[in-house]
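Participant:
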Amino acid sequence: MRASFIAHVKELLRGLGHLEAKPMFGGHGLYCDGAFFAIVLDDVLYLKADAQSRPRFVAAGLEPFVYARQGKRASLNYYRAPAEALESPEAALAWSREAVAAALRARR
Numbered sequence: 009m010r011a012s013f014i015a016h017v018k019e020l021l022r023g024l025g026h027l028e029a030k031p032m033f034g035g036h037g038l039y040c041d042g043a044f045f046a047i048v049l050d051d052v053l054y055l056k057a058d059a060q061s062r063p064r065f066v067a068a069g070l071e072p073f074v075y076a077r078q079g080k081r082a083s084l085n086y087y088r089a090p091a092e093a094l095e096s097p098e099a100a101l102a103w104s105r106e107a108v109a110a111a112l113r114a115r116r
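Take any residue in the sequence shown, note its place counting from 1, add 8, and you have its number in our numbering.
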């Protein structure tokens with residue numbers, strides 16, 4: 009994974025809040041004000057979803073984050089960010105705010 013990709017994502021999300029990138033899963037977890045809302049792996053941004061926000065990700069045709077676990081495919085509640093979220097700060101912020109909201113709901 010290129011450090012430049014993480015820097016690009018952080019630049020797009022500059023208005024979101026205090027961002028931290030922490031190593032995990034061979035990639036990085038992104039935190040906004042302490043809320044774990046995204047995974048960056050192999051230069052792909054995955055955003056947190058939940059029952060409330062998942063329909064938007066599915067309707068946009070976005071793929072869930074899937075990994076191999078004990079020889080089986082498993083998924084987490086994270087979906088690939090749409091291409092426009094990596095090109096436009098406005099789109100990046102809109103999708104990421106939804107992911108942060110899902111992360112905060114999961115804390116309850």
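Yeah, the Cβ is synthetic: ideal placement off N, Cα and C, and Gly gets one too. From a predicted model like this one, the values you see are computed outputs, not experimental measurements.
Using 10 angstroms around the beta-carbon of residue 26, count the other beta-carbons present and answer buried if the total reaches 16, otherwise exposed.
Facilitator: Walking along the sequence shown from the start, residue 26 turns up at place 18. Flag for residue 26 reads exposed.
Participant: For residue 97, name the three-state secondary structure that DSSP assigns.
Facilitator: In the sequence shown, counting from the first residue as 1, residue 97 sits at position 89. Residue 97 falls in the helix class under three-state DSSP.
Participant: Which of the three DSSP states, helix, strand or coil, is assigned to residue 15?
Facilitator: Against the sequence shown, residue 15 aligns to sequence position 7. Correct three-state label for residue 15: helix.
Participant: Near residue 97, what residues of its chain come up, given a Cβ to Cβ distance below 6 Å and the 5 sequence neighbours on each side ignored?
Facilitator: Walking along the sequence shown from the start, residue 97 turns up at place 89. Closer than 6 Å at Cβ, skipping near neighbours: 20.
Participant: Closer than 8 Å by C-beta to residue 115: which residues in its own chain qualify, once you throw out the five before and the five after it? Chain order, please.
Facilitator: In the sequence shown, the residue the question calls residue 115 occupies position 107. Excluding residues within five positions, the ones whose Cβ falls inside 8 Å are 43.
Participant: Using only alpha-carbon positions, find the residue among 28, 16, 100 and 47 that is nearest to residue 35.
Facilitator: In the sequence shown, residue 35 corresponds to position 27, counting from 1. Ranking 28, 16, 100 and 47 by Cα distance to residue 35 puts 47 first.
Participant: With a CB to CB cut of under 8 Å and the five nearest residues on each side skipped, what residues in its chain are close to residue 82?
Facilitator: Against the sequence shown, residue 82 aligns to sequence position 74. Closer than 8 Å at Cβ, skipping near neighbours: 74, 75 and 76.
Participant: What number of angstroms, rounded off, separates the C-alpha of residue 51 from the C-alpha of residue 38?
Facilitator: For the purposes of this step, residue 51 is identified with residue 43 of the sequence shown, where counting begins at 1. For the purposes of this step, residue 38 is identified with residue 30 of the sequence shown, where counting begins at 1. Rounded to whole angstroms, residue 51 to residue 38 spans 13 Å at the Cα level.
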